[in-house]
Amino acid sequence: MSTPLLQVKNLCTSFNVDSGEVRAVNGISFNLEKGKVLGIVGESGSGKSVTAYSIMRILVEPGRITGGQILFNGEDIVQYSRKQMREFRGKRVSIIFQDPMTSLNPVYTIGNQLREAILLHTDRNREQANARALEMLQLVGVNEPEKRLKQYPYELSGGMRQRVMIAMALACEPDILIADEPTTALDVTIQAQILELMQELQRKMGMAIIMITHDLGVIADMCDEIIVMYAGRICERGTADEIFYNPRHEYTKGLMRSIPRLDTNHARLIPIAGSPVDLTNMPKGCAFASRCDRCMKICLTELPEELDINDDHKAACWMNVKQVYDEAAAEKEAESK
Amino acid sequence: MLKYTVKRVLLAVVTVFIIAAITFFAMNAIPGGPFDKEKAPDPAVQAVLEARFNLDKPVTQQFIIYLGNLLHGDFGISLKTGREISQIIREKFAVSAKLGGMAAGFAILFGLILGSVAALCRNRWPDRVIIFLTTLFVSVPSFVLATILLLVFALTLKWVGVFSTTNPNYVLPVISLMLYPMSYITRLTKSSMLDVLGQDYIRTARAKGVREGFVIFKHALRNALIPVITYVGPMIAGILTGSMVIETVFTIGGLGTEFVRSINNQDYPMIMATTIFLAVLMVIATLISDLVYKLVDPKITFD
Amino acid sequence: MTYNADKLPKKNLLSLQIDPRKFEWASDEEKAQHETMRESTTFFRDGMRKLRRNPLAVASLIVLVCLVLTIVIVPMFYPYSYEQMISVNGKRDKTAKNLAPFQYSKNEMKAIEDGAKIFPHIFGTDELCRDYFIRVLYGARVSLAVGLFASLIVLVIGLLYGSISGYFGGKVDMVMMRIVDIIYSLPDTLMVILLSVVLNQVLGTTLQGTVLAKVGTNMISLFVVFGVLYWVGMARLVRGQILSIKTNEYVLAARAMGAKPGRIIRRHILPNCMSVIFISVALQIPSAIFTESFLSFIGLGVQAPMPSLGSLANAARGGMQSYPYKMVFPAVIICLIVLSFNLLGDGLRDAFDPKLRR
Chain A
0 MSTPLLQVKN LCTSFNVDSG EVRAVNGISF NLEKGKVLGI VGESGSGKSV TAYSIMRILV
60 EPGRITGGQI LFNGEDIVQY SRKQMREFRG KRVSIIFQDP MTSLNPVYTI GNQLREAILL
120 HTDRNREQAN ARALEMLQLV GVNEPEKRLK QYPYELSGGM RQRVMIAMAL ACEPDILIAD
180 EPTTALDVTI QAQILELMQE LQRKMGMAII MITHDLGVIA DMCDEIIVMY AGRICERGTA
240 DEIFYNPRHE YTKGLMRSIP RLDTNHARLI PIAGSPVDLT NMPKGCAFAS RCDRCMKICL
300 TELPEELDIN DDHKAACWMN VKQVYDEAAA EKEAESK
Chain B
0 MLKYTVKRVL LAVVTVFIIA AITFFAMNAI PGGPFDKEKA PDPAVQAVLE ARFNLDKPVT
60 QQFIIYLGNL LHGDFGISLK TGREISQIIR EKFAVSAKLG GMAAGFAILF GLILGSVAAL
120 CRNRWPDRVI IFLTTLFVSV PSFVLATILL LVFALTLKWV GVFSTTNPNY VLPVISLMLY
180 PMSYITRLTK SSMLDVLGQD YIRTARAKGV REGFVIFKHA LRNALIPVIT YVGPMIAGIL
240 TGSMVIETVF TIGGLGTEFV RSINNQDYPM IMATTIFLAV LMVIATLISD LVYKLVDPKI
300 TFD
Chain C
0 MTYNADKLPK KNLLSLQIDP RKFEWASDEE KAQHETMRES TTFFRDGMRK LRRNPLAVAS
60 LIVLVCLVLT IVIVPMFYPY SYEQMISVNG KRDKTAKNLA PFQYSKNEMK AIEDGAKIFP
120 HIFGTDELCR DYFIRVLYGA RVSLAVGLFA SLIVLVIGLL YGSISGYFGG KVDMVMMRIV
180 DIIYSLPDTL MVILLSVVLN QVLGTTLQGT VLAKVGTNMI SLFVVFGVLY WVGMARLVRG
240 QILSIKTNEY VLAARAMGAK PGRIIRRHIL PNCMSVIFIS VALQIPSAIF TESFLSFIGL
300 GVQAPMPSLG SLANAARGGM QSYPYKMVFP AVIICLIVLS FNLLGDGLRD AFDPKLRR
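Protein chains in written order, with numbering that gives the first Met the number 0: chain A, 0 to 336; chain B, 0 to 302; chain C, 0 to 357.
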């Protein structure tokens, strides 16, 4: 088996703040194959965005990677020098952010900002870069691209700006595109357009995508694999179908109950009670335990390991163990009868 | 933009008018006419004098005449020296303008540099030193600072010459005058820079692989400068008033000294004229800094 | 008890030796205990915690408290008064002129030799044979009082004006804010000078014999000017705060329940913008002290013989080379006061400004 494009191994990222060390990402591992789409799902503060920033190494003070490896084509980028990192960012891996309204520099034109990325990573001269920028704007479906190049960000709508961000991210044909909640700040109709655009571009350009979102429904039909994160850990992973129709972690089940679905007749949505744990002071055992409806004694004291449910599916929940245990007990009882 | 400019210019004109009115009527409220103080001339002479200076007419009419004169550059005559005030102002302001101009320029230059350095070295020693010093400088009254500088560097250490008309050494006066605005700009630049460095578009620039120097000078500094521009107007006003103090301490014969002298001499026409002159300068400075602010800040839509 | 190994997920759990009792449901109490929630704090308590951790702000506060206690308490016991020449055995002591700190005059030396006890002149004396320490203390009193009182004026007027304008909005707001715009664009220092010059002449005679005469027309004009001009910054601040708070749901809710505007402003809006206003007041005080010292410099300060720190420092400029300490003492105290308020204000802003909280 060839090495995956991106391997994240036991990544830990922390923020040192007044009240202690916030362990935003707490030992997560995953692989991303070439041309695949990986979804990372979780609520606010679960460590999704921090994972993305760690991969780009654009964490701001006081955040830093405290452990683990991030292997890109087998090379550990955590060990990269600043110069190597600069060449890596934007060229190998690009990112688009949640809020297109604030992600573009207000004092430079769209053209200037697009060109900057192209000039940095390719041998194109200014004119060629301009042509490329124009081409990219056309590709992402911005109307009147020539005019847009000369405009400032405030002259564009949110959807347009996000298209510009995508154009900027893809201008140098990266191997991986990280999309950090790319549609959260947009209107619903625009959301659909942007997602469609991303899918289309992925088919055309064949890059791998890491799609980060708190909204499972948004990415369901896009992703080859989905990772569910909670409190800086991975609690469940598997194909979209497995996660949707066979969730095996109580948190994922809660997430599924809390999103509207057309295929079931739930009269109402069921929110997950409580709020996320304090990351400066992580409890022993499962981080979700105190909010879990089916919390057991063991959940409070021991951290569940990730166990294979089947070839396409892993989950870290004691309920899976209990289920097996119960089945075994029932079988035994049947035997004894 | 045009609409905004017109609005701002109109406001400035109204402000100047109000200042002129306040100044004029306030001065008129002072009991006793200008000729009461002198040895009382005989009534006939006084009547002639009053007619000569339109003092026999109602106050509002006097005001209109005064405004008309102002527009022609006629500021009246100084009570103490008997010279044309417009001439005094022209002569003395040249000195003040030189002093103030240098102070403003250096204040902006050093303020921006120090502020950026402080922001980039956040919580490390350069930041702490800069912030400590600038906090100290904004806490010392300018005349105290000027006197200390004069005493230490000119009179005791004799590093720099004392200002005199034959040997105008502007070093100490400029330093004394610029420290406050420089410190203010430093603090403003630092906080503005920190604010900008936390913005999403800085993250975007880093994610594009832009080198750190470019992130700061291309992407951050230009945005960080915008709030500083709004301070330029108030800074000019501060330097003009601060100049009164500095000029007096260093005995520089500028408009500031003249103004302080006229206050102590109760030379009302001079006080009035200088107040209006300085006020107009300040209003213009504010107007320009506001307009420039609007020009360079593309975030604000022109309505 | 054994597990059926085939049915287990692939990792071999048998090796874990799990106690089946652990698979009982956890009770709610156990769950509650499990969650080590972050200590819940209020906005105020959290701010105070941050403030206490800021050594500069704490030091400033201590300096200010010590200073205030000193200038309030010490003059009660101090044997000299700020306006009187030093006298020995009931006779005016003309030799006690410009004494250095802790120096005694000739007459005093004689008196001491005769067995009298004379309190030392901690800061020396001035050119009119007055004890300088008590003058500096009184100067600090006057300067602080000017700062506090001027800020109070600004606070009251700005708060009233700003909250009315912000709360009612619409046309009222527009008209009120145009007025603010115009006042804001007047050059304040020049207006202070002008009004001081004029009020000096106008009020001079009418005030005679009243309590206000002692304060001096210059100080009154300073207060008048603060009341007329300086409140606009505060008014803008308050209005801005109210406009942003006004749209919050809890204000809408209160209004829907029929609360009167005054009550809404008092109960819902003001507490929420208190921190910002407080910080602004803390920073207003040093600016007022500065303005006073500036006026003292150009000869429009407090009425003699009443001292202020500014007027003391200014008076000392002349003899700066011979008697530097006369400049140093008041100057250091001005710096201390202004610095403390500035640092305290900065500390308060860092601790309480909601905009900085992430």
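Backbone N, C-alpha and C define an ideal beta-carbon position, used for all residues, glycine too.
Using C-beta distances below 8 angstroms, list every residue in its chain close to residue i, excluding the 5 sequence neighbours before and after it, in chain order.
i                 : result
Leu278 of chain A : Val21, Arg22, Ala23, Gly44, Ala230, Gly231
Ile262 of chain B : Ile270
Arg125 of chain A : Arg114, Leu118
Can you list, in chain order, the residues of its chain whose CB lies under 6 angstroms from that of residue i, leaving out five sequence neighbours each side?
i                 : result
Ser257 of chain B : Residue identity check: residue 257 of chain B is Glu in the sequence provided, not Ser. The residues are Lys91.
Tyr131 of chain C : Phe122, Gly123, Thr124, Asp125
Phe118 of chain C : Pro78
Leu158 of chain C : Val237
Lys35 of chain A  : Ala207, Asp223
Helix, strand or coil for residue i, going by three-state DSSP, please let me know.
i                 : result
His120 of chain A : helix
Val87 of chain C  : strand
Ile61 of chain C  : helix
Arg337 of chain A : The first residue shown for chain A is 0 and the last is 336, placing residue 337 of chain A beyond what the model contains.
Asp75 of chain A  : strand
Asp187 of chain C : helix
Leu302 of chain A : coil
Cys50 of chain A  : One point to set straight first is that residue 50 of chain A is Thr, not Cys, in the sequence displayed. In the structure shown, Thr50 of chain A sits in a helix (DSSP, three-state: H, G or I).
Met338 of chain A : Residue 338 of chain A lies beyond the residue range present for chain A, which begins at 0 and ends at 336; the question has no answer from this structure.
Val40 of chain A  : strand
Cys171 of chain A : coil
Leu31 of chain A  : strand
Ala230 of chain A : coil
Thr124 of chain C : strand
Ala178 of chain A : strand
Arg129 of chain C : coil
Leu7 of chain C   : The pLDDT assigned to Leu7 of chain C is 45, lower than 50, so where the model puts this residue is not dependable; a value taken from the coordinates is nonetheless given after this. Reduced to three states, the DSSP call for Leu7 of chain C is coil.
Short check: CB of residue i to CB of residue j, under 8 angstroms?
i                 : j                 : result
Val171 of chain C : Ala234 of chain C : no
Ile201 of chain B : Ala219 of chain B : yes
Val135 of chain C : Phe328 of chain C : yes
Val248 of chain B : Phe142 of chain B : yes
Asn97 of chain C  : Thr69 of chain C  : no
Gly114 of chain B : Met234 of chain B : no
Tyr137 of chain C : Pro260 of chain C : no
Ala350 of chain C : Gly46 of chain C  : yes
Ser95 of chain B  : Ser288 of chain B : no
Leu294 of chain B : Ser184 of chain C : no
Ala118 of chain B : Leu196 of chain B : yes
Ile226 of chain A : Phe14 of chain A  : no
Leu181 of chain C : Thr285 of chain B : The question names Leu, yet the displayed sequence has Ile at residue 181 of chain C. Their beta carbons are not under 8 angstroms apart, which means Ile181 of chain C does not touch Thr285 of chain B by this criterion.
Asp266 of chain B : Lys79 of chain B  : yes
Ignore the nearest five residues each way along the sequence and tell me which others in residue i's own chain have a CB closer than 7 angstroms to its CB.
i                 : result
Ile238 of chain B : Gly99, Ala102, Ala103, Leu176, Pro180
Thr300 of chain B : Residue placement at Thr300 of chain B is flagged as unreliable, the pLDDT there being 43, under the threshold of 50; a coordinate-derived value is accordingly withheld.
Phe222 of chain C : Phe148, Ala149, Ile152
Asn217 of chain C : Ser195, Asn199, Leu294, Leu299, Gly300, Val301, Gln302
Bridge partners of residue i, per DSSP?
i                 : result
Lys337 of chain A : Summary: the structure shown does not reach residue 337 of chain A, with chain A confined to residues 0 through 336, and so no result is reported for it.
Leu185 of chain A : DSSP, once it has assigned bridges, lists no residue as partnering Leu185 of chain A.
Asn15 of chain A  : A:Glu20
His312 of chain A : A:Gly237, A:Asn309
Asn25 of chain A  : A:Cys11
Residues of the stretch 172-200 of chain B with a CB closer than 9 angstroms to any CB of chain A: list them in chain order, please. So the list reads Leu196, Gly197, Gln198, Asp199, Tyr200, given in the order they occur along the chain.
Could you name the residues of the stretch 236-260 of chain B whose beta carbon sits closer than 7 angstroms to any beta carbon of chain C, in the order they occur along the chain? Correct list: Ala236, Thr240, Met243, Val244, Val259.
What are the residues of the stretch 318-335 of chain A that lie near chain C, defined by any Cβ-Cβ distance shorter than 7 angstroms? Under the 7 angstroms Cβ criterion, the stretch 318-335 of chain A contributes Asn319, Val320, Lys321, Val323, Tyr324, Glu326, Ala327, Glu330.
Using a Cβ-Cβ cutoff of 7 angstroms, what residues of the stretch 266-278 of chain B are near chain C? List them in chain order. Residues of the stretch 266-278 of chain B with a C-beta atom less than 7 angstroms from some C-beta of chain C are Ile270, Thr274, Leu277, Ala278, listed in chain order.
Beta carbons nearer than 8 angstroms to chain B: which residues of the stretch 312-328 of chain C have them? Closer than 8 angstroms at the C-beta level to chain B, one finds these residues of the stretch 312-328 of chain C: Ala312, Asn313, Arg316, Met319, Gln320, Pro323, Met326.
By the 7 angstroms beta-carbon criterion, what residues does the stretch 45-59 of chain A contribute toward chain B? Taking 7 angstroms as the Cβ-Cβ cut-off, the stretch 45-59 of chain A approaches chain B at Met55, Ile57, given in chain order.
Please list, in chain order, the residues of the stretch 101-114 of chain A that have any C-beta partner in chain B closer than 7 angstroms. The residues in question are Thr101, Ser102, Leu103, Asn104, Pro105, Val106.
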